[in-house]
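Have a look at the structure below, then the notes.
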Amino acid sequence: MRVTVVIPALNEAGNIGRLIEETYAAVPAQRLAEVIVVDDASTDATPAEIKTLIASGKFRGLRYLRHAQRSGQSCALRSGVLAATSPIIATMDGDGQNDPKDIPRLLDALGTPGSEGPALVNGWRKDRKDTGSKRWASRAANWIRDAVLKDDCPDTGCGIKVYWRDVFLRLPFFTSMHRYMPALFQTYGHKVVYVPVNDRPRQAGVSKYNNLNRALVGLYDLVGVSWLRKRTKVPPIVEQHPEPQTVADIAARLKTANEGDGTRTASEKS
Ligand SMILES: Nc1nc2c(ncn2[C@@H]2O[C@H](COP(=O)(O)OP(=O)(O)O)[C@@H](O)[C@H]2O)c(=O)[nH]1
Ligand SMILES: [Mg+2]
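Residues in the sequence shown are numbered consecutively from 42, following the numbering used here.
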């Protein structure tokens, strides 16, 4: 099954073009359906950088979406996932701090959609390349979140993730929900795994978040997600009539129907 890579980008000129090139080099063509870059109303040369690559014709399946106004990273991810044609999504930050070479490994750890396997593979930046204050703030935020949500996640904010499209689209949507994906996937009964990934320093441009703002919004969201987790029930279905059809059932029925058609055609001919 091939993957749609969704990259949210806000003012990432100097980063986004290189990241797209790296993505096409890192993910084998037979595993890559498309790359969708969602531009959150950038005011720099981000659109020009992407459109130049599209116009070159060298990147099969490269798509560009632009929001009418700045709407935030979660909205950008959702726009990209809604537009995606593949049932499997990979996301990365648009600043190049995530390494697309990690995508094939994350894909290998993902379960097949609809199976019991992991529906979300979340990157884990074991060796972060951010500034000291950002690393400290992130460690504190992860500790508080884990104490409240008990989602056992070492790095919820890591931008590189691979997951099933339909599960993501069924999650409750709110601004900043991309920071709570492991807890949300678990709340809806899905398995989540964490895979160590490479982290790189930002090459161009500036961070869009500051620690104080992220902490205040994070605490507010944490109250909401904690409430949601406590008030959500997803009971497993233990009995169903008629039994749900498996892919093998459908294939067997199609085969019988085709054979039936064949007989009719033959008798009509005779
Ligand atoms: N679409 C969108 N993307 C954003 C927004 N803020 C940040 N991003 C993207 O989210 C990613 C992470 O943001 P960044 O500023 O690098 O955060 P940091 O790595 O935590 O400092 C980058 O790809 C940004 O371009 C936003 O408001 N809208
Ligand atoms: Mg960054």
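Positions of the beta carbon are idealized from the N, C-alpha and C atoms, including for glycine.
Any non-hydrogen atom of ligand 3 closer than 8 Å to Q114 Cβ: Only ligand 1 and ligand 2 can be found as ligands here, which leaves ligand 3 out of the picture.
Length of the line joining the Cα atoms of A307 and R294: Annotation note: pLDDT 45 at A307 (below 50); position unreliable, no value reported.
Closest residue to A182 among L260, P277, V68 (Cα-Cα distance): L260
Alpha helix (DSSP H) segment containing A182, residue limits: Taken as a continuous stretch (DSSP letters only), the alpha helix (DSSP H) holding A182 covers 173-190.
Whole-angstrom C-beta distance between Q227 and D262, which should lie under 8 Å: That belief does not hold up - the Cβ atoms of D262 and Q227 are roughly 16 Å apart, past 8 Å.
C-beta atoms of R211 and Q138 nearer than 9 Å: no
Segment contact, 8 Å Cβ cut-off, at least three pairs: the segment 192-207 with the segment 165-177: yes
Nearest-angstrom Cα separation, counted from P145 out to W177: The alpha-carbon atoms of W177 and P145 are separated by roughly 30 Å.
Opening and closing residue of the beta strand (DSSP E) in which A66 lies: Premise fails: A66 lies in the alpha helix (DSSP H), 57-67, not in any beta strand (DSSP E).
Buried or exposed (CB count within 10 angstroms, at least 16 for buried), V264: It counts as exposed.
C-alpha gap between L161 and K232, whole angstroms: Their Cα atoms are separated by approximately 7 Å.
For A117 and I61, the rounded distance between their alpha carbons: 17 Å
Closer than 7 Å to ligand 2: residues, by C-beta to nearest heavy atom, in chain order: D134, D136, Q138, R243, S248
Residues near G230 by beta carbon distance below 6 Å, same chain, minus five either side: V275
Inter-residue Cα distance where the pair is D290 and K296: 10 Å
Euclidean distance between Cα positions of A188 and N254: Cα to Cα, the separation comes out at about 21 Å.
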